[in-house]
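Here the structure is laid out as structure tokens; the discussion comes afterwards.
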Amino acid sequence: MNTDPIADYLTRVRNAIKANHRVVEIPASNLKKEITKVLFDKGYIANYKFEDTTVQGTIKVALKYHPITKVSAIRNISRISKPGLRKYAGTANMPRVLNGLGIAILSTSKGVMTDKEARTQNVGGEVLCYVY
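Sequential numbering of the sequence shown, starting at 2, is according to my numbering.
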């Protein structure tokens, strides 16, 4: 049993990037699927596929690298709200990652979204992670 599945997801992606893997397989959950969709929409991953062959299912994430320099699109991906210390942000104190160059992924009442989308929809929530 895993105590923090989101941290496990982020660590698998981080380790795959450090090992220069093209594809990483991650056990699926609804929240992980939504985080994957946000990463794809913002251009941090090349592609993804949800496979429901087992009871839990898996997410196959194709990582994105620069074609010439082979540098990953994701420089850093870090967990912010942990099970021991939850971090919440309202619309007034929404985090800005790298002064707007990175994204913060939030879990809101209207679904999983980035900090910019949450600001435009005037909704706050739990800050899951920073990506840049």
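Cβ atoms here follow ideal geometry from the backbone N, Cα and C, with glycine treated the same way.
Query	Result
Who are the Cβ neighbours of L102 in its own chain at under 8 Å, not counting the five residues just before and after it?	Y133
Here's a check: name, in chain order, each residue in its chain whose Cβ is nearer than 7 Å to the Cβ of K61, leaving out the five neighbours to either side.	V24, E26, Y49, K50, E52
Report the option in G85, G44, G58 whose CA atom is closest to the CA atom of H67.	G44
In chain order, what residues of the same chain lie with their CB nearer than 7 Å to the CB of I81, ignoring the 5 residues before and after it?	K88, V128, L129, C130, Y131
Leaving out five residues on either side along the sequence, give the residues of the same chain with a beta carbon under 8 Å from the beta carbon of L64.	V14, A17, I18, H22, R23, V24, V25, I46, A47, S73, A74, I75
Using DSSP's beta-bridge definition, name the partner residues of N48.	A63
Work out the CA separation of N123 and F41 for me, nearest whole Å.	23 Å
Measure how close the beta-carbons of D116 and P96 come, nearest whole angstrom, since I'm counting them as under 8 Å.	6 Å
The beta strand (DSSP E) that contains I106, what's its start and end?	104–109
Assign A20 to one of three DSSP states: helix, strand, or coil.	coil
Taking the alpha helix (DSSP H) that T121 belongs to, which residues open and close that run?	116–121
Classify I7 as helix, strand or coil using the three-state DSSP reduction.	helix
Please look up how many angstroms separate the CB atoms of A105 and V98, rounded, as I've assumed it's under 8 Å.	5 Å
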